[in-house]
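Undergrad:
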Amino acid sequence: MATKKRLPVTKAVYGPEDGKGLHLPLAMEDGHAPGMARATIFLGCAFLMAFVLWGSVTQFRELTMAPGEVKPVGSVHTVQHLEGGQVFEIAAKEGQVIEKGAPIVRLQPTAALADLDQLKVRSAALTLQIERLDALLERRKPDFSAFGLQYPILRKDQTKAYEAAVIQAQKARDELGARIQLRMAEQKAFEDQIRSIEEQAKILDEQIAMKKDLYDQQLVAKSVYLEVLRQREKLNEGQVTTEGQLEAAKESLIETKIKLAELDTELDRQLSDNRGKLSAELEELREVIRKHNDRVKRLVVRAPVRGVVQ
26 MATKKRLPVT
36 KAVYGPEDGK
46 GLHLPLAMED
56 GHAPGMARAT
66 IFLGCAFLMA
76 FVLWGSVTQF
86 RELTMAPGEV
96 KPVGSVHTVQ
106 HLEGGQVFEI
116 AAKEGQVIEK
126 GAPIVRLQPT
136 AALADLDQLK
146 VRSAALTLQI
156 ERLDALLERR
166 KPDFSAFGLQ
176 YPILRKDQTK
186 AYEAAVIQAQ
196 KARDELGARI
206 QLRMAEQKAF
216 EDQIRSIEEQ
226 AKILDEQIAM
236 KKDLYDQQLV
246 AKSVYLEVLR
256 QREKLNEGQV
266 TTEGQLEAAK
276 ESLIETKIKL
286 AELDTELDRQ
296 LSDNRGKLSA
306 ELEELREVIR
316 KHNDRVKRLV
326 VRAPVRGVVQ
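Those letters in the sequence shown? Residues 26 to 335, per our numbering, in order.
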């Protein structure tokens, strides 16, 4: 019986010359991968999955180069002028760095300053008028030095008005004073006349007594005695009339003195009323001037914060 001899089997290895370019380890060719190889494959898969997961949740920032300018949004301050007006001067240039409070734009001030000047002139006129009234009330000379140099015409007008008021008031006082002197002279004349009548009455009374004795003794005619009685009666009538005139003169004197006192009171009342009206008008005018001053200040638009002009 013939015996078969086993020959060794050699696996074919493909080299570069075969056009395949594949070299496999012998362990893998047997169907079993070594432990190091398995670990390497596992780590590679885990790294790949981690990279995919990281790429799905991570934002990528790109750097792009392009011409332009950056305009901030949150820190931009819009500069406005509520009243508006004509631009007189632009004090800041675009891109210039300015400090807080620095002027940016100046508006045309002509109209605002003209209105403000008119208001100041009116305020000065009211102030001078009030000083004139105070001087009349206090019986003193007015002090116009506060606005005398700045507004000489207003000062001159108020000085004339003060002098005219003083002359008019003094004229009224002089007229009443003259009437008082006249009433006093009349009163004195009536008093003198009454004293004269009383002296005449004493003489007539003596004559009447003498005539009566002579008439009783029938030494004089009755007509002579009656004539003396008629003279006495006429003297009595004259005394009564003169006494009435004296009382009228006294009453007129009192009334004239009262009018003189009331004259100053009435003048002071009128002056006080006028002063009150002027003071109220001046107070309102000062408030208007304050608003116009603010308006003039706002003619210069200033930077609210430090920054760059855009």
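Just so it is clear, CB atoms sit at the ideal spot from N, CA and C, and this is done for glycine as well.
Name the residue from ALA171, LEU296, ILE222 and GLU252 whose alpha carbon lies nearest to the alpha carbon of SER148.
TA: Looking at the Cα atoms, ALA171 is the closest of the given residues.
Undergrad: Which of helix, strand or coil does DSSP assign to VAL82?
TA: Looking at VAL82 - three-state DSSP - the assignment turns out to be helix.
Undergrad: May I have the straight-line CA-CA distance separating GLN206 from ALA286, to the nearest angstrom?
TA: Distance between the alpha carbons of GLN206 and ALA286 is about 15 Å.
Undergrad: Hey, LEU310 and LEU151 are a contact pair by Cβ (cut 8 Å); roughly how many whole angstroms apart?
TA: Going by Cβ atoms, the distance from LEU310 to LEU151 rounds to 7 Å, so yes, they are a contact pair.
Undergrad: With distances taken between CB atoms, is the gap from GLN175 to LEU153 smaller than 8 Å?
TA: No, Cβ-Cβ distance for GLN175 and LEU153 is not below 8 Å.
Undergrad: So the candidates are LYS185, TYR250 and ALA234; which of them puts its Cα closest to the Cα of LEU161?
TA: Among LYS185, TYR250 and ALA234, the Cα nearest to that of LEU161 belongs to LYS185.
Undergrad: Give me the Cα-Cα distance between ARG63 and PHE76, rounded to the nearest whole angstrom.
TA: Each residue's alpha carbon lies about 20 Å from the other.
Undergrad: Using the rule of at least 16 other Cβ atoms within 10 Å of the residue's Cβ for burial, across every protein chain shown, is ARG208 buried or exposed?
TA: Counting Cβ neighbours within 10 Å, ARG208 comes out buried, since at least 16 surround it.
Undergrad: Mind the definition here: the stretch 270-282 touches the stretch 247-258 only if three or more C-beta pairs lie below 8 Å; say whether that holds.
TA: At 8 Å Cβ cutoff, the stretches do not touch.
Undergrad: Among the candidates ARG164, LYS275, ARG320 and GLY301, whose CA atom is the shortest distance from the CA of ASP289?
TA: Among ARG164, LYS275, ARG320 and GLY301, the Cα nearest to that of ASP289 belongs to ARG164.
Undergrad: When the distance is taken between beta carbons, is ALA137 closer than 8 Å to HIS317?
TA: Against a cut-off of 8 Å, the Cβ pair of ALA137 and HIS317 comes out as a contact.
Undergrad: Hey, quick one: how far does the alpha helix (DSSP H) through ASP298 stretch, first residue to last?
TA: Start and end: 247-322.
Undergrad: Determine the burial state of PRO8: buried for a count of at least 16 other Cβ atoms within 10 Å of its Cβ, exposed for fewer.
TA: With the chain covering 26 to 335 only, the question about residue 8 has no answer from this structure.
Undergrad: For SER304 and VAL146, I'd like the C-alpha separation in whole angstroms.
TA: Between SER304 and VAL146, the C-alpha separation is close to 15 Å.
Undergrad: Which runs of the beta strand (DSSP E), 3 residues or longer, sit entirely within the stretch 167-243?
TA: If we require 3 residues or more, the stretch 167-243 turns out to have no beta strand (DSSP E) run fully inside it.
Undergrad: Measure the alpha-carbon distance for LEU307 versus LYS181 and round it to whole angstroms.
TA: LEU307 and LYS181: Cα-Cα distance of roughly 20 Å.
Undergrad: In angstroms with no decimal places, state the Cα-to-Cα distance between ILE192 and ASP298.
TA: Straight-line Cα distance between these residues: approximately 20 Å.
Undergrad: With C-beta atoms as the reference, is LEU201 less than 8 Å away from VAL313?
TA: No; because the gap between Cβ atoms is not below 8 Å, this pair is not in contact.
Undergrad: Within its chain, find whatever has a CB closer than 6 Å to the CB of ILE22; leave out the 5 residues flanking it on each side and keep chain order.
TA: Absent from the model: residue 22. The displayed extent of the chain is 26 to 335, so no value can be given.
Undergrad: Does the Cβ of LEU341 have 16 or more other Cβ atoms within 10 Å, making it buried, or fewer, making it exposed?
TA: Outside the shown range of the chain, which is 26 to 335, sits residue 341, and nothing can be said about it.
Undergrad: Below 8 Å on the Cβ atoms is my guess for THR267 versus ILE219; work out the distance and round it to an integer in Å.
TA: THR267 to ILE219, Cβ: 5 Å. Contact.
Undergrad: When the Cα atoms are used, what is the spatial distance from ASP319 to LEU141?
TA: Rounded to whole angstroms, ASP319 to LEU141 spans 11 Å at the Cα level.
Undergrad: Beta-carbon separation of ALA194 and LEU292 under 8 Å?
TA: Yes, these two residues count as a Cβ contact at 8 Å.
Undergrad: In chain order, what residues of the same chain lie with their CB nearer than 8 Å to the CB of LYS237, ignoring the 5 residues before and after it?
TA: Closer than 8 Å at the Cβ level, and outside the excluded window around LYS237, lie TYR250.
Undergrad: Is the CB-CB distance between GLN212 and LYS282 below 8 Å?
TA: It is not a contact, given that the beta carbons lie outside the stated cut-off.
Undergrad: Rounding to the nearest angstrom, what Cα-Cα distance links ALA210 and GLN225 in this structure?
TA: Going from the Cα of ALA210 to the Cα of GLN225 covers about 22 Å.
Undergrad: Reducing DSSP to helix, strand and coil, say where ARG165 ends up.
TA: Correct three-state label for ARG165: coil.
Undergrad: So ALA222 and LEU260 are in contact, right, with Cβ under 8 Å, and what is the actual spacing, rounded?
TA: According to the sequence provided, residue 222 is Ile. The question's Ala does not apply to it. Rounded, the Cβ-Cβ distance is 6 Å, consistent with contact.
Undergrad: Comparing alpha-carbon positions, which option in ASP159, SER248, GLY263 and GLN264 lies nearest TYR187?
TA: Checked all of ASP159, SER248, GLY263 and GLN264; the closest Cα to TYR187 is ASP159.
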